[in-house]
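Residue numbering for the sequence shown follows our numbering, beginning at 2 and increasing consecutively.
Notes follow once the structure below has been shown.
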Amino acid sequence: MTSSPRPGTPTLYAAAALIWGSTWLAIKYQLGVVAPEVSVAYRFVLAAALLGAWCVATRKPMRFTPAQHLRIALQGSLLFGLNYVGIYWAEEHATSGLVAVLFSTIVFMNPIGARFAFGTPLAARTLIAAAIGVIGVALLFLPELVEARSGGDAALGVAYGLVATAIASAGNLVAVRNQRAGIPVLSSTAWGMLYGGIVAAVIAMLGGASWAFDTSTAYVLSLLYLSLFGSVIAFASYLTLLKRVGPARAAYVNISIPVVALVLSTLFESYRWTWVSGLGVVLAVAANWIAMRPRRLVAPARSAARDA
């Protein structure tokens with residue numbers, strides 16, 4: 002029996018970028034009636050159930066040792082729980098554009114973290130591409146960044162956004178360590194999402210959040226989309242990409258996400274482009290091209306362990 006072909010690296014990259022770029026619209030319908038941390042808990046518990054059911058149906062290994070569960074729980078708490086609660090909180094206090102710029106700094110955090118965690122060399126090309134990419138994202142959201150300078154509680158949003166980004170980067174490094182320890186990607190992601198949902202639920206309870214549920218069509222559909230596509234499919238793609246090319250290059254997905262989000266905003270929210278935002282797109286694309294040229298992807302892809 003021949004196994005089905007695995008998706009290539011460009012396919013994984015495109016899937017994560019396109020799906021996460023579209024979640025910006027979906028998240029808008031999650032804020033309001035339901036507390037952000039409660040919405041995060043709903044999202045990842047549902048995602049864990051969906052991915053877990055698929056793993057069971059396809060006979061993926063779902064049993065792990067206590068030590069492996071501790072590793073998976075740490076990954077899930079960082080990558081799915083604390084990270085997303087922080088991002089949702091940031092978007093309550095700052096514009097989505099500002100949060101996007103803040104999160105794009107993960108292209109610096111990941112390679113620096115990998116240098117300390119795994120001794121991975123810091124390539125000059127990677128840092129140059131990171132700088133170009135962050136500048137490009139900043140230009141895309143320049144009007145929102147200028148508006149954020151007017152004061153208000155944007156500073157609190159900046160703090161939440163930067164902390165959430167650092168937590169996400171730490172989660173990336175834990176995921177790499179777990180993959181190197183031979184823990185399967187998909188089944189561990191299902192468990193990790195469950196742990197992340199539990200962490201978000203604990204934060205909600207400690208903060209006294211109300212366990213409301215918005216039965217509106219917009220909230221329910223956006224929750225389903227965020228759980229299935231924004232969590233299961235996008236994270237399965239990203240974590241597999243992380244395994245193949247490493248945390249430094251995988252982070253460049255976060256440079257493409259704002260570009261996708263603005264394209265969708267143009268179609269559905271009448272976003273108006275300027276020469277500045279156009280330059281931002283050019284720089285974002287250039288950063289990805291510099292960091293992700295095929296000749297630098299081939300070696301990691303060949304040496305990657307067989308995916309679960």
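Glycine is no exception: its CB is placed at the ideal position from the N, C-alpha and C atoms.
| Item | Value |
| --- | --- |
| Contacting residues, own chain, Cβ-Cβ under 6 Å from residue 12 (five flanking each side not counted) | none |
| Residue 159 to residue 100 span [Cα, whole Å] | 7 Å |
| Minimum C-alpha distance to residue 42 - residue among 81, 284, 109 | 81 |
| C-beta atoms of residue 233 and residue 27 nearer than 8 Å | no |
| Under the three-state DSSP convention, the category residue 166 falls into | helix |
| Test item: CB-CB of residue 188 and residue 67 under 8 Å | no |
| Span separating the alpha-carbon of residue 205 from that of residue 111 | 28 Å |
| CA nearest to the CA of residue 180, picked from 113, 72, 164 | 72 |
| Residue 79 burial status per 10 Å Cβ neighbour count (16 or more: buried) | buried |
| Backbone secondary structure at residue 104 - three-state DSSP | helix |
| Spatial distance of residue 45 from residue 195 (CA atoms) | 6 Å |
| Span separating the alpha-carbon of residue 287 from that of residue 33 | 37 Å |
| CB of residue 1 within 8 Å of CB of residue 8, strictly | The requested residue 1 does not occur in the structure, where the chain is confined to residues 2 to 309. |
| Presumed contact (8 Å Cβ cut-off) between residue 161 and residue 91, rounded CB distance | 4 Å |
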